[in-house]
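For the record, the sequence lines run as chains A and B.
Under the working numbering, the residue at position 6 of the first sequence is numbered 6, and the numbers go up by one with no gaps.
Count along the second sequence from 1, add 115, and you get the number used in the working numbering.
C-beta: ideal position from N, C-alpha, C; glycine also.
The structure presented is a predicted model; accordingly, all values stated were derived computationally and were not measured.
For reference, the structure discussed in these notes is given below.
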Amino acid sequence: AQSVTQLGSHVSVSEGALVLLRCNYSSSVPPYLFWYVQYPNQGLQLLLKYTSAATLVKGINGFEAEFKKSETSFHLTKPSAHMSDAAEYFCAVSDRSNQGGKLIFGQGTELSVKP
Amino acid sequence: GAGVSQTPSNKVTEKGKYVELRCDPISGHTALYWYRQSLGQGPEFLIYFQGTGAADDSGLPNDRFFAVRPEGSVSTLKIQRTERGDSAVYLCASSLLAGGQGTQYFGPGTRLTVL
Numbered sequence: 001a002q003s004v005t006q007l008g009s010h011v012s013v014s015e016g017a018l019v020l021l022r023c024n025y026s027s028s029v030p031p032y033l034f035w036y037v038q039y040p041n042q043g044l045q046l047l048l049k050y051t052s053a054a055t056l057v058k059g060i061n062g063f064e065a066e067f068k069k070s071e072t073s074f075h076l077t078k079p080s081a082h083m084s085d086a087a088e089y090f091c092a093v094s095d096r097s098n099q100g101g102k103l104i105f106g107q108g109t110e111l112s113v114k115p
Numbered sequence: 116g117a118g119v120s121q122t123p124s125n126k127v128t129e130k131g132k133y134v135e136l137r138c139d140p141i142s143g144h145t146a147l148y149w150y151r152q153s154l155g156q157g158p159e160f161l162i163y164f165q166g167t168g169a170a171d172d173s174g175l176p177n178d179r180f181f182a183v184r185p186e187g188s189v190s191t192l193k194i195q196r197t198e199r200g201d202s203a204v205y206l207c208a209s210s211l212l213a214g215g216q217g218t219q220y221f222g223p224g225t226r227l228t229v230l
């Protein structure tokens, strides 16, 4: 069965530092890949998604992610962290063969940004 | 435009009671999904509707859980004989396109507490 692993349940960075949140998936056939952000007391918001085109995907708020098939990874990065980036981040996959497109989520990574 | 809305935002009930959770999707979105998010975990898929029909209910944990979408818009998730383990945030999402390439837009969730 498809699974998603997010390394590090908590990541802390200083304001202005690089943000790197890790995500690895399990399937041999590359799935669709997503990153969602969840701010406190708010719903999940899509940051970016990979479907099949360019392997480097740019999203909202300066985030981007690179799909690496050889590493089965889809890590999320941002060059310079801002205080407002503090939130919970979820990586998710959707099996290409699943017509409904149900999402399978990782356990999440909580990002803290220190001033 | 209006996003996905869910009511109530919070529901406290006693063990053994029946509860209904409502989801209003984005107008025109034919695909609707329910997920459950336990504390410290990523969301877990419950059920997917395409129009009025439940196209994939593989995530429903047992027969105490049931969902309907009679007119292809609003959906209700119903839980019978609630148990303490049902306590979680129940998330609804809708999408214009079904399948992995569609973007799922999430509501704020209903926090269910079973005492």
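Those residues which DSSP pairs with residue i across a bridge
| i | result |
| --- | --- |
| Ser-97 (chain A) | Answer is none; Ser-97 (chain A) lacks a bridge partner. |
| Asn-41 (chain A) | None; Asn-41 (chain A) has no bridge partner. |
| Cys-207 (chain B) | B:Trp-149 |
| His-82 (chain A) | Partner(s): none; His-82 (chain A) has no beta bridge. |
Residues near residue i by beta carbon distance below 7 Å, same chain, minus five either side
| i | result |
| --- | --- |
| Tyr-205 (chain B) | Leu-136, Trp-149, Arg-151, Leu-192, Gly-224, Thr-225, Leu-227 |
| Ser-153 (chain B) | Ala-203 |
| Phe-181 (chain B) | Lys-193 |
| Lys-102 (chain A) | Ser-94 |
| Gln-107 (chain A) | Gln-6, Ser-9 |
| Thr-218 (chain B) | Ser-210 |
Residue closest to residue i, alpha-carbon to alpha-carbon, out of the options
| i | options | result |
| --- | --- | --- |
| Gly-200 (chain B) | B:Cys-138, B:Lys-130, B:Gln-121 | B:Lys-130 |
| Gly-43 (chain A) | B:Gly-222, B:Leu-230, B:Val-229 | B:Gly-222 |
| Arg-184 (chain B) | B:Gly-168, B:Pro-176, B:Arg-196 | B:Gly-168 |
| Val-229 (chain B) | B:Leu-161, B:Gly-217, B:Arg-196, B:Asp-178 | B:Arg-196 |
| Leu-175 (chain B) | B:Glu-159, B:Val-189, B:Glu-186, B:Pro-123 | B:Glu-159 |
| Ser-112 (chain A) | A:Asp-85, A:Cys-91, A:Asn-24 | A:Asp-85 |
| Thr-61 (chain A) | A:Ser-26, A:Glu-71, A:Met-83 | Inspection of the sequence shows that residue 61 (chain A) is occupied by Asn rather than by Thr. Cα-wise, what sits closest to Asn-61 (chain A) is A:Met-83. |
| Pro-140 (chain B) | B:Asn-125, B:Tyr-220, B:Tyr-133, B:Val-119 | B:Val-119 |
| Arg-22 (chain A) | A:Lys-114, A:Lys-68, A:Gly-100 | A:Lys-68 |
| Ala-170 (chain B) | B:Leu-161, B:Thr-218, B:Gly-143 | B:Leu-161 |
| Gln-2 (chain A) | A:Val-13, A:Thr-72, A:Asn-41, A:Leu-20 | A:Thr-72 |
| Pro-79 (chain A) | A:Asn-98, A:Phe-90, A:Lys-58 | A:Lys-58 |
| Val-134 (chain B) | B:Arg-179, B:Gln-156, B:Gln-219, B:Leu-211 | B:Arg-179 |
| Val-19 (chain A) | A:Glu-64, A:Gly-100, A:Leu-46 | A:Glu-64 |
| Tyr-89 (chain A) | A:Leu-46, A:Tyr-36, A:Ser-97, A:Tyr-32 | A:Tyr-36 |
Start and end residues, beta strand (DSSP E) containing residue i
| i | result |
| --- | --- |
| Gln-152 (chain B) | 146-152 |
| Arg-137 (chain B) | 134-139 |
| Phe-63 (chain A) | That residue, Phe-63 (chain A), is in no beta strand (DSSP E); it is neither H nor E in DSSP. |
| Leu-20 (chain A) | 19-21 |
| Gly-168 (chain B) | 168-171 |
| Arg-226 (chain B) | 225-229 |
| Ala-182 (chain B) | 180-183 |
| Val-127 (chain B) | 125-128 |
Interface partners of residue i on chain B, CB under 9 Å
| i | result |
| --- | --- |
| Phe-105 (chain A) | Tyr-150, Gln-152, Gln-156, Gly-157, Pro-158, Glu-159, Phe-160 |
| Ser-101 (chain A) | Per the sequence shown, residue 101 (chain A) should be read as Gly rather than Ser. Chain B residues near Gly-101 (chain A): Ala-146, Tyr-148, Tyr-163, Ser-210, Leu-212, Ala-213, Gly-214, Gly-215, Gln-216, Gly-217, Gln-219. |
| Asn-24 (chain A) | Under the 9 Å cutoff, chain B gives no residues; its nearest Cβ is about 14 Å from Asn-24 (chain A). |
Contacting residues, own chain, Cβ-Cβ under 6 Å from residue i (five flanking each side not counted)
| i | result |
| --- | --- |
| Tyr-39 (chain A) | Ala-87 |
| Gly-166 (chain B) | Thr-145, Gly-187 |
| Ala-17 (chain A) | Ala-81 |
| Phe-34 (chain A) | Lys-49, Ala-92 |
Under 7 Å by beta carbon: chain B residues contacting residue i
| i | result |
| --- | --- |
| Ser-94 (chain A) | Gly-215 |
| Gly-108 (chain A) | Gly-157 |
| Phe-90 (chain A) | Gly-157 |
Contacts that residue i makes with chain A (C-beta to C-beta distance below 9 Å)
| i | result |
| --- | --- |
| Thr-218 (chain B) | Phe-34, Leu-46, Lys-49 |
Closer than 8 Å at the beta carbon, the chain B residues around residue i
| i | result |
| --- | --- |
| Lys-58 (chain A) | Chain B residues near Lys-58 (chain A): none, gap ~15 Å exceeds 8 Å. |
| Phe-63 (chain A) | The contacting residues do not exist; Phe-63 (chain A) stays about 16 Å from chain B at best. |
Under 8 Å from the C-beta of residue i: neighbouring residues of chain A
| i | result |
| --- | --- |
| Gly-224 (chain B) | Gly-43 |
Sequence-distant residues of its chain with Cβ nearer than 8 Å to residue i (five each side left out)
| i | result |
| --- | --- |
| Thr-128 (chain B) | Val-134, Thr-197, Leu-227, Thr-228, Val-229, Leu-230 |
| Pro-31 (chain A) | Gln-2, Tyr-25, Val-93, Ser-94, Asp-95, Arg-96 |
Under 7 Å by beta carbon: chain A residues contacting residue i
| i | result |
| --- | --- |
| Ala-203 (chain B) | Those do not exist, as Ala-203 (chain B) stays about 13 Å from chain A at its closest Cβ, beyond 7 Å. |
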